[in-house]
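In the order they appear, the protein sequences are chains Y and U. Everything in the first sequence is counted per numbering that gives the first Met the number 0, starting at 0 for the first residue and increasing by one. Everything in the second sequence is counted per numbering that gives the first Met the number 0, starting at 0 for the first residue and increasing by one. In what follows, a single structure is set out as structure tokens and then discussed.
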Amino acid sequence: MRRLTPYLLALPSWMWLAIFLVVPMVAMASVSLQTGNAIDGFAMTFSFSNYSDALGRYSTQLLRSLLYGGMATAAMLVIGYPVAYWIAFKGGRRKSMYLFLILLPFFVSFVLRTISWNFLLSDNGILFGTLKGWGLLPDDFHVLATAFAVVGGLTYNFLPFMILPIYVALERVDPRVVEAAQDLYATRAAAFRRVVLPLSLPGVFAGVLMTFVPATADPINAAILGGTANTMIGNIIQTEYLTNLNYPTASALSFTLMAVLLVGIFVYARALGTENVLEAAAR
Amino acid sequence: MNPRPHLPRRDAFRIAGLSAAGLALAACGVQGQKAAPPKADAVQDFWSKQTKHGKVVFANWPEYMPEDQAPLKKFQEATGISYEYKEVIQENAEFFGKAEPVLRAGQSLGYDIVVMTNGIHLQNMIQLGYAVPLDHSKLPNFAANAGQKYKERAYDPGNKYTIPYTSGVTGIAYNTEHVKEDITSIQSLFDSKYKGRVGMMADAQEIANFGMFALGIDPEKSTEADWRKAGDKLKEQRDAGLVRKYYDQSYIDAVSKGDVWLTMAWSGDVFQRQLAGEPVKFVVPEEGGTIWTDNMLIPKGAANPLDALMLMDYLYQPAVAAELDEFIQYVTPVPAVQDLLKEKAKTAEGEDKKALEDMVNSPLMFPTEADYAKLRGYTPLDNKQQQIFNPIFQSVTQA
């Protein structure tokens with residue numbers, strides 16, 4: 000009995016995974032191979048062409064999503080790493096307050112935050128309206144309804160998920176190893192590059208994982224901040240599913256997106272070294 | 000050469016697993032639900048079994064009921080039926096997408112009345128048998144007070160499943176601080192001087208109609224070739240950089256803030272903004288505008304159908320309809336409202352009087368026959384046609 004206890008304790012989480020992940024995935028995989036329509040019903044025909052059709056029609060949006068997701072992730076890394084570094088090493092006693100401040104906007108719903116960006120970036124809004132009033136910007140200058148707004152929104156919305164894992168990794172770096180490096184005549188830059196940075200990579204990996212995946216799949220930012228040529232794959236899946244009731248195409252696109260992201264992550268994991276991945280995953 | 004050894008156990012498991020997965024894949028079909036039209040005696044039979052429960056749940060769109068909910072309160076006083084009013088419907092597609100799986104599983108939505116716009120999703124709702132056929136012997140106010148037009152619905156002949164809640168017009172709204180001319184034509188939406196300042200709607204049926212109006216095509220009688228022409232026209236408009244964005248309901252904020260200068264718009268939204276003092280104006284372009292109707296229906300599995308039917312009928316009392324329309328400012332299906340508001344304007348004073356007079360004289364709340372002649376419905380689409388129609392216009396709006 001005692002031998003079984005850990006398994007029994009793990010049972011609820013296995014059930015959770017089975018019921019809420021595996022079963023819906025199988026159902027979705029099934030639907031992605033069916034043909035038909037919502038009125039007459041869908042039947043399994045193992046039509047793998049659903050995938051090629053969907054990809055043929057929406058490859059632009061898929062590639063654009065990966066591009067936007069990638070750009071947003073890179074921006075988050077550039078912005079988030081110094082913030083995490085500063086909090087971890089210079090935050091002192093107020094560390095937890097700084098972390099709280101970073102999380103504070105996330106007490107407001109995702110959609111509302113994005114809409115408030117819409118308000119902020121409005122052509123004649125508080126920011127650009129003022130600058131235009133001073134003659135610093137041309138009258139037809141606008142940021143809303145551009146790719147920049149979408150990537151900016153994504154960057155803003157997922158930033159804490161980049162900062163927190165990097166912070167955790169940096170927090171664990173023993174200041175004494177940095178001192179040791181300096182004792183061995185490393186410059187501050189060299190100490191960072193050869194000691195701190197490698198030690199923080201698992202955090203970077205976790206951060207990238209936690210931001211790139213949801214940013215790429217996100218439909219909200221493109222819908223609220225985008226223009227006529229910023230549609231992302233998440234918007235397409237939503238339209239296919241809710242408007243067209245084309246469940247097979249929506250499922251096929253979802254699976255394709257998932258596959259592309261998984262492959263991307265494994266390639267990335269290889270590049271950073273597999274041990275880091277396991278370490279990051281273990282956190 | 001070794002003969003191939005017997006299948007290792009692990010491989011056997013693997014194959015078993017794969018075939019189980021294959022079976023599971025094949026088993027998860029999505030059943031079709033196409034419903035045959037109900038027989039008349041079955042409808043009678045259904046309604047003869049219904050009793051009053053003293054409760055009704057009404058699911059509607061935002062800004063479609065005065066804030067004090069006076070019409071519903073009076074209904075409660077008059078009938079003893081308590082109500083729950085929920086503003087949960089923001090978009091037909093989204094609402095239908097969420098409701099469909101629930102109704103398909105034979106479960107109740109938890110609403111006794113829902114309001115949907117005539118169009119693809121309402122059509123699907125009826126085709127799939129998700130709307131309860133109405134018992135017109137229990138709708139005396141509708142019979143007596145609804146305008147003739149509202150009793151002859153192409154999408155629901157004989158009001159078998161739905162009765163109108165309100166109608167509205169899709170036209171052009173423009174911001175008078177930025178647009179210095181009087182907009183009269185749909186061609187303004189295609190005018191290069193408004194480059195990057197034009198808003199169009201993302202909804203396939205809405206934008207399709209405007210593409211067709213611009214080409215002089217009647218959307219109600221349009222063919223696949225017409226849709227393609229309209230699609231090309233709209234693509235040109237987009238590729239020339241004229242369109243800033245394809246909007247949902249958020250177009251109204253964009254035009255009143257001046258992010259877009261002119262946009263496709265729904266009449267009642269613009270009136271409400273005008274009352275709030277914002278610099279927006281609404282026109283029905285001379286080439287035509289779209290008239291649509293939001294309809295009340297009882298979803299299958301509703302817990303209180305008789306109470307729902309009573310409320311639907313109650314809203315057709317002229318006094319109630321007038322109170323409702325004074326707030327929502329769309330086109331009421333009860334023509335007598337115009338006279339009631341006229342009477343009210345006579346006794347009102349100051350700003351109220353002015354507002355009421357504006358309403359009574361507005362062609363967008365009380366269209367004349369000449370106005371109606373300019374207005375067209377959405378393109379009627381069967382299931383197959385939808386699968387051609389939707390991609391044509393979605394490839395415009397979701398590039």
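For each residue, glycine too, the CB sits at the ideal point set by N, CA and C.
At a beta-carbon threshold of 7 Å, the residues of chain U lying near residue 121 of chain Y are 256 and 258, ordered along the chain.
Residues of the region 124-138 of chain U with a C-beta atom less than 7 Å from some C-beta of chain Y are 126 and 127, listed in chain order.
Residue pairing by DSSP places residue 162 of chain U opposite U/295 in a beta bridge. Residue U/310 holds the alpha-carbon nearest to the alpha-carbon of residue 79 of chain U among U/205, U/310 and U/296. Taking 8 Å as the CB threshold, residue 156 of chain Y stays off the interface with chain U. For residue 82 of chain U, the enclosing beta strand (DSSP E) begins and ends at 81-86. In the DSSP annotation of this structure, residue 376 of chain U is not part of any beta strand (DSSP E), being labelled neither H nor E. DSSP places residue 153 of chain Y outside any beta strand (DSSP E); the residue lies instead in the alpha helix (DSSP H), whose first and last residues are 146-170. DSSP places residue 207 of chain Y in the helix class (H, G or I) of the three-state scheme. Residues of chain U whose Cβ lies closer than 7 Å to the Cβ of residue 226 of chain Y are, in chain order, 243 and 244. Of all residues in the region 226-243 of chain Y, the ones placed with a Cβ closer than 8 Å to any Cβ belonging to chain U are 226, 227, 228, 230, 234, 235, 238, 240, 241, 242 and 243, in chain order.
Inside the region 48-109 of chain Y, DSSP marks whole alpha helix (DSSP H) runs of 4 or more residues at positions 48-89 and 94-102, from first to last along the chain. For residue 256 of chain Y, no CB of chain U lies under 8 Å from its own CB, so it is not counted at the interface with that chain. Among the residues facing chain U, residue 38 of chain Y is included, as its CB has a counterpart in that chain under 8 Å away. One Cα belongs to residue 117 of chain Y, the other to residue 241 of chain U, and the distance between them is close to 20 Å.
The Cβ atoms of residue 106 of chain U and residue 300 of chain U lie closer than 8 Å to each other.
With respect to residue 169 of chain U, residue 291 of chain U sits close: the two C-beta atoms are nearer than 8 Å. Using a C-beta cut-off of 8 Å, the region 198-207 of chain Y makes contact with the region 76-90 of chain Y, since at least three inter-stretch Cβ pairs fall below that distance.
One alpha carbon belongs to residue 229 of chain Y, the other to residue 149 of chain Y, and they sit about 8 Å apart. Judged by their CB atoms, residue 215 of chain Y and residue 163 of chain Y are not nearer to each other than the 8 Å cut-off. Taking C-beta atoms as the reference points, residue 116 of chain U and residue 231 of chain U fail to come closer than 8 Å.
Using a CB distance cut-off of 8 Å, residue 92 of chain U counts as an interface residue toward chain Y. The C-beta of residue 87 of chain Y comes no closer than 8 Å to any C-beta of chain U. Between residue 143 of chain Y and chain U, the shortest Cβ-Cβ separation is below 8 Å. Bridge partners of residue 169 of chain U according to DSSP: U/265 and U/289. From the beta-carbon of residue 139 of chain Y, the residues of chain U found nearer than 8 Å are 195.
The residues 141, in chain order, have a CB closer than 6 Å to that of residue 122 of chain Y in the same chain once the five nearest residues on each side in sequence are set aside.
Under the DSSP assignment, residue 269 of chain Y falls in the alpha helix (DSSP H) whose first and last residues are 246-271.
Here residue 359 of chain U really is in contact with residue 337 of chain U; their C-beta atoms are around 6 Å apart, less than 8 Å. One finds 37 and 244 in chain Y with Cβ atoms closer than 8 Å to the Cβ of residue 99 of chain U, taken in chain order. For residue 64 of chain U, the three-state secondary structure derived from DSSP is coil. Residue pairing by DSSP places residue 358 of chain U in no beta bridge whatsoever. For residue 193 of chain Y, no alpha helix (DSSP H) encloses it, and the DSSP letter there is neither H nor E.
Burial state of residue 103 of chain Y is exposed, judged by a 10 Å Cβ sphere holding fewer than 16 other Cβ atoms. For residue 223 of chain Y, there is no enclosing beta strand (DSSP E); the enclosing alpha helix (DSSP H) has its first and last residue at 219-224. Residue 97 of chain U places its beta carbon 8 Å or farther from that of residue 56 of chain U.
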